[in-house]
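These notes are about the structure you will find just below.
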Amino acid sequence: MPMAACGLLVRLWSWRLAGARQRGAVALAASLLTGTVAADDGPVSRTPALSDGTYPGVIELAIDARDVDRAIVSGTLTLPVASDGPMTFYFPRWVPGHHAPSGPISRIAGLSLQADGAAIAWRRDPVDMNALHFSVPAGARQVQLSFQYLSPTDPGMGRIEITSDMADLQWTSLAPYPAGYASRNMTYRASVRLPQGWQFATALLRKEQRGDTVHFEPVDYETLVDSPIVAGRYYERVMLDDSRPAPVTLHLFADEPRLLRFETAQIESHRALVEQTYRLFRSRHFDRYDFLVGLTAKIGSLGAEHHRSSENFTVPGYFTDWANTAPSRELLPHELVHSWNGKYRRGADLLTPTLDRPMRNSLLWVYEGLTRYLGAVLAVRAGLHTRQQGLENFAVSAARMQNRAGRRWRPLADTVNHSIFLDEHPVWPSWQRGSDYYLEGQLIWLDIDTRLRELTGDRKSLDDFVRVFFAGTDGAYRPLPYDQTDVVDALNAIAPYRWEEYFRDRVEQPAPEAPLDGLIRGGYRLVYADSATDFFRNLEAQAKVTDLGYSIGLIVNDAGVVTDVIWDTPAFDAAMTIGTQVIAVDAVVYSSAVLTRAVSGCKGRTEPLRLTLRRGDAVREARLDCSMGLRYPRLERIAETPARLDAILAPR
Numbered sequence: 159m160p161m162a163a164c165g166l167l168v169r170l171w172s173w174r175l176a177g178a179r180q181r182g183a184v185a186l187a188a189s190l191l192t193g194t195v196a197a198d199d200g201p202v203s204r205t206p207a208l209s210d211g212t213y214p215g216v217i218e219l220a221i222d223a224r225d226v227d228r229a230i231v232s233g234t235l236t237l238p239v240a241s242d243g244p245m246t247f248y249f250p251r252w253v254p255g256h257h258a259p260s261g262p263i264s265r266i267a268g269l270s271l272q273a274d275g276a277a278i279a280w281r282r283d284p285v286d287m288n289a290l291h292f293s294v295p296a297g298a299r300q301v302q303l304s305f306q307y308l309s310p311t312d313p314g315m316g317r318i319e320i321t322s323d324m325a326d327l328q329w330t331s332l333a334p335y336p337a338g339y340a341s342r343n344m345t346y347r348a349s350v351r352l353p354q355g356w357q358f359a360t361a362l363l364r365k366e367q368r369g370d371t372v373h374f375e376p377v378d379y380e381t382l383v384d385s386p387i388v389a390g391r392y393y394e395r396v397m398l399d400d401s402r403p404a405p406v407t408l409h410l411f412a413d414e415p416r417l418l419r420f421e422t423a424q425i426e427s428h429r430a431l432v433e434q435t436y437r438l439f440r441s442r443h444f445d446r447y448d449f450l451v452g453l454t455a456k457i458g459s460l461g462a463e464h465h466r467s468s469e470n471f472t473v474p475g476y477f478t479d480w481a482n483t484a485p486s487r488e489l490l491p492h493e494l495v496h497s498w499n500g501k502y503r504r505g506a507d508l509l510t511p512t513l514d515r516p517m518r519n520s521l522l523w524v525y526e527g528l529t530r531y532l533g534a535v536l537a538v539r540a541g542l543h544t545r546q547q548g549l550e551n552f553a554v555s556a557a558r559m560q561n562r563a564g565r566r567w568r569p570l571a572d573t574v575n576h577s578i579f580l581d582e583h584p585v586w587p588s589w590q591r592g593s594d595y596y597l598e599g600q601l602i603w604l605d606i607d608t609r610l611r612e613l614t615g616d617r618k619s620l621d622d623f624v625r626v627f628f629a630g631t632d633g634a635y636r637p638l639p640y641d642q643t644d645v646v647d648a649l650n651a652i653a654p655y656r657w658e659e660y661f662r663d664r665v666e667q668p669a670p671e672a673p674l675d676g677l678i679r680g681g682y683r684l685v686y687a688d689s690a691t692d693f694f695r696n697l698e699a700q701a702k703v704t705d706l707g708y709s710i711g712l713i714v715n716d717a718g719v720v721t722d723v724i725w726d727t728p729a730f731d732a733a734m735t736i737g738t739q740v741i742a743v744d745a746v747v748y749s750s751a752v753l754t755r756a757v758s759g760c761k762g763r764t765e766p767l768r769l770t771l772r773r774g775d776a777v778r779e780a781r782l783d784c785s786m787g788l789r790y791p792r793l794e795r796i797a798e799t800p801a802r803l804d805a806i807l808a809p810r
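With this note's numbering applied, the sequence shown covers 159 to 810.
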C-alpha cells in the first residue's frame, strides 16, 4: 500500500493482496514444505517437511500496548511443549500483502526465554535472522517467550504506528510462532491490554473484556495474523450493512473528535460501496467485514488488505474536507476488492504454509492491477467519486504510464519483484519503474474490459469475468489459488481471443508504448492542457508538491526540494536530481506559484527557464527548455466511439 501524479495516490496509501488447477496447486504446496534452518549446533541444514498435524495445545499470546508515549509494545507468548529438545521460534518474515520479506525483526528487542521460572539460552539463526533456536529443558511442559516491539517514534525510522491517541497493532509484528507447523494448523488464544478508556476494532471475535484487557476467541495462526487491531481514544462506529450473515461495519478513529463529524450523504456513499461491490461479485466469502479507518496526520498512511477487514489510514479531513480529498476515497474500495482478489483468491505462488517461506509475486498485475481498476470503478459506481472525478483519475494513471521511460527496458512482469529487492526510494523512479503493476495493470484491465465488450457486441464485460472467476461459497474462508492459465481460461469463457498472446506481449515483454487502447475503445483519449483538473490539484495538495512532471519533468515540494525528476525531460537534461533545491526561478526567489507562473509564461518562447539550484554546498544555475508551457493530463471524448468507459462507471 508511492509516485507522482496518479503515483501520488499510491504514495498516499503506502507511506504507506471457480477452481484452481489442483495438480499445480498441490505440487506448489509440496515444494514449499521444505526449507532451511540452522541445526542446534553447527551450520545451516535441511529440515524435514512440515508436520501434517496440528500443534499440540493452544498457544497463548498476551500483548501489552499501554506504553503509547514511548511506542513500546510488550508481548509474552506461552507455548505448550510435549517433549524436550531443540525447538525454533520464528518472527514473521514474509508479510501477506506487503509483497516482500518485510517482517520488522530489527524492532524486536528484550528477548527472554524461560521454563518453570528458569532462563533458557537462545541464539539467532546465522542465515535467517527471524529464527531463534533454543532447547526445551527436560520435564518442561511449557515455554514462555517475552519480547518488546519498538515501534518507530519518528518518520525517519519508518511508518509511525502508535501515537498518544491511536495505535495500529499488527500481529505480523507481534506474533512469533513455533517452527514445524503450517499457519492454519496452530491455534492461538490472544489478548491485548490497551490504554485506559480506549476503544478498538478488529475482525477477531471478543470473548471477554476484563478492565482494559481484551481476550479474543481462539483462532488459527493464519486468521490471527490476518486480523490487525486498530485502537484509539476517539472513535465512532457506523453500520454500513447489517444484513446477515455478513454485516459490514465502518470503524472510525481520529486524531481529534471534530474529525469524526460526517454528513449523511457521505455515509450513504460508503453504504453504496458495499452494495455495488456485492452487485459486482455476487458473493460474500466472509462472515463479517470491518473497515478499520484512521483519520490521522500522525500515524503513517496505509492501505492494507485482509480477508475480513482492512487497515485504512488516510487524511484527517477525509470527511470534514470532503471537497478536496477525492483521491483518498479510492482507498476503501481498493481494499474491499482485495478481500476477493488477493485474499480469497490469490496468485498460487503467494500461498505459503508459513510466514518464513518465500512468497513469489508473479501475478501482482492481477492481484494489484485488477484491484486498482475495480477500486477506481467502484468508487464512481458508489458515488465516492463523481463520474468526472473518475475520468480525471484514469487520466492521471494513463499519463503516468505514458511518461514512464523505464518501459523501454523493463517489462511489467519484472516490476512485481520491486518490493523484494528495492527497499529504499528509487534514485530515478521513472527509469527504474517500481510498483507499476498497480497503474499499468489498471490500464491493462481497462483494455480487457473494453475489449470484452467489443468482442461480444457490448453484451459481456469484465463484470462477467469477475463474477465467475471470484465465485465461491458465501462464508467460505480458505483461499483459492489461481495462475495465469486460470485467468486466460476464464477470459476465453467470456469471449474467445488470443489472451495468452495478449498477456505475453503486454506483461512479459518491454513495451515502450503505454497500454492506452482501453481508453480509446472506451471513447476517450489522453490529452494535455495548460490547466490542471481538480483531481490532479487534490493529489498535489495531499502530497504537498507541485507536479510539473508533464511540463519540464520536475516535481518539487513546498520547500522547493525536488522529489522526482522524469527521465529524458528538460529537468533531466539540466542534470537535476532528487534532493536538489530550487532557490530561485528567473532570478526570483522560489515559491510554487513563482515556478508555475514562470513555466506558464514560457509557452512558445525560445528563451530557456533559468533555475538557481543548490545541492549540498554547491550552487549553480540551470537552463531548461520550457517552450511546452504547462501540461496537465485529462481525457477528451472521442465522439465517433461508443462511450464504453461511461457505461463501465455507471452504477449497477
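Built from N, CA and C at the ideal position, the CB exists for glycine as well.
Quantities reported herein were computed from a predicted structural model and do not represent experimental measurements.
Please name the residue, chosen from the options, that lies closest to residue i on a Cα-to-Cα basis.
| i | options | result |
| --- | --- | --- |
| Gly548 | Phe420, Pro491, Arg364, Pro584 | Pro491 |
| Glu550 | Ala690, Asp726, Tyr393 | Ala690 |
| Arg351 | Tyr447, Cys760, Leu327 | Leu327 |
| Gly674 | Arg617, Pro637, Thr608, Trp725 | With the sequence shown as reference, residue 674 is identified as Leu, and Gly is not the correct amino acid for it. Out of Arg617, Pro637, Thr608, Trp725, Thr608 has the C-alpha closest to the C-alpha of Leu674. |
| Thr721 | Tyr335, Gly390, Ala462, Trp586 | Trp586 |
| Val377 | Lys365, Thr371, Asp370 | Lys365 |
| Glu794 | Val535, Gly338, Ile678 | Ile678 |
| Thr478 | Asp413, Leu528, Ala629 | Asp413 |
| Val777 | Ala756, Thr738, Glu765 | Thr738 |
| Pro639 | Thr422, Asn482, Phe411, Asn519 | Asn519 |
| Ala797 | Gly680, Ala751, Ser750 | Gly680 |
| Asp514 | Asp227, Pro259, Ser427 | Pro259 |
| His409 | Leu450, Ile457, Phe628, Tyr595 | Leu450 |
| Gly432 | Ser401, Leu332, Ala223 | Correcting the residue type first, residue 432 is Val in the shown sequence and not Gly. Nearest of Ser401, Leu332, Ala223 to Val432, Cα basis: Ser401. |
| Ala751 | Val703, Phe305, Asp222, Tyr393 | Val703 |
| Ala732 | Ala506, Val285, Ala780, Thr246 | Ala780 |
| Gln600 | Thr529, Ala455, Leu697 | Thr529 |
| Cys784 | Asp647, Asp716, Gly711 | Gly711 |
Under a Cβ-count criterion, where at least 16 other Cβ atoms within 10 Å of its own Cβ denotes burial, should residue i be classed as buried or exposed?
| i | result |
| --- | --- |
| Pro485 | buried |
| Ser385 | buried |
| His257 | buried |
| Leu489 | buried |
| Pro244 | exposed |
| Lys501 | buried |
| Val195 | Unreliable positioning characterises Val195 in this predicted model, as indicated by a pLDDT of 35, which lies under 50. A coordinate reading is not provided. |
| Thr614 | exposed |
| Ala359 | buried |
| Glu526 | buried |
Do you know how far the Cα of residue j is from the Cα of residue i?
| i | j | result |
| --- | --- | --- |
| Arg617 | Leu542 | 27 Å |
| Thr799 | Glu612 | 11 Å |
| Gly268 | Ala289 | 15 Å |
| Ser709 | Gly787 | 6 Å |
| Pro557 | Asp572 | Checking the displayed sequence, the identity of residue 557 turns out to be Ala instead of Pro. So the alpha carbons of these two residues sit roughly 21 Å apart. |
| Ala404 | Arg446 | 4 Å |
| Gly241 | Val554 | For the record, residue 241 in the displayed sequence is Ser; it is not Gly. Going from the Cα of Ser241 to the Cα of Val554 covers about 60 Å. |
| Pro516 | Leu769 | 47 Å |
| Glu380 | Pro262 | 18 Å |
| Ser758 | Arg695 | 16 Å |
| Trp725 | Ile606 | 29 Å |
| Val747 | Leu706 | 18 Å |
| Ala805 | Asp775 | 56 Å |
| Leu604 | Phe552 | 10 Å |
| Tyr790 | His291 | 57 Å |
| Ser619 | Leu610 | 5 Å |
| Ile713 | Arg683 | 24 Å |
| Ala462 | Pro254 | 9 Å |
Per the DSSP calculation, residue i is bridged to which residue(s)?
| i | result |
| --- | --- |
| Asn747 | Here the sequence assigns Val to residue 747, which means Asn is not the residue at that position. BP columns for Val747 point to Ala742. |
| Phe305 | Gly233 |
| Tyr339 | Ser209 |
| Pro791 | Tyr686 |
| Ala359 | Val388 |
| Glu463 | Ser468 |
Exercise. Along the chain, which unbroken stretches of the alpha helix (DSSP H) at least 4 residues long are found entirely within the stretch 691-723?
Worked result: Runs found: 692-701.
For this session: At 3 residues or longer, and completely inside the stretch 382-439: list those beta strand (DSSP E) runs for me, N to C.
Result: With a minimum length of 3 residues, the unbroken runs of beta strand (DSSP E) contained wholly in the stretch 382-439 fall at 387-390, 392-399, 406-412.
Exercise. In chain order, which continuous runs of the alpha helix (DSSP H) of length 4 or greater are located wholly inside the stretch 619-689?
Worked result: Note on the stretch 619-689: whole alpha helix (DSSP H) runs with a minimum of 4 residues are 620-627, 642-652, 657-661, 675-679, in chain order.
Exercise. Which runs of the beta strand (DSSP E) spanning at least 3 residues fall entirely within the stretch 262-339, listed in chain order?
Worked result: As far as the stretch 262-339 is concerned, its whole beta strand (DSSP E) runs of at least 3 residues are 266-273, 276-278, 280-282, 289-294, 300-308, 324-327.
Problem set entry | beta strand (DSSP E) segments (min. 3 residues) lying fully within the stretch 518-559 | Every candidate beta strand (DSSP E) stretch fails here, since none sits fully inside the stretch 518-559 while reaching 3 residues.
For this session: Within the stretch 752-780, note down every full alpha helix (DSSP H) run reaching 4 residues or more, in order along the chain.
Result: If we require 4 residues or more, the stretch 752-780 turns out to have no alpha helix (DSSP H) run fully inside it.
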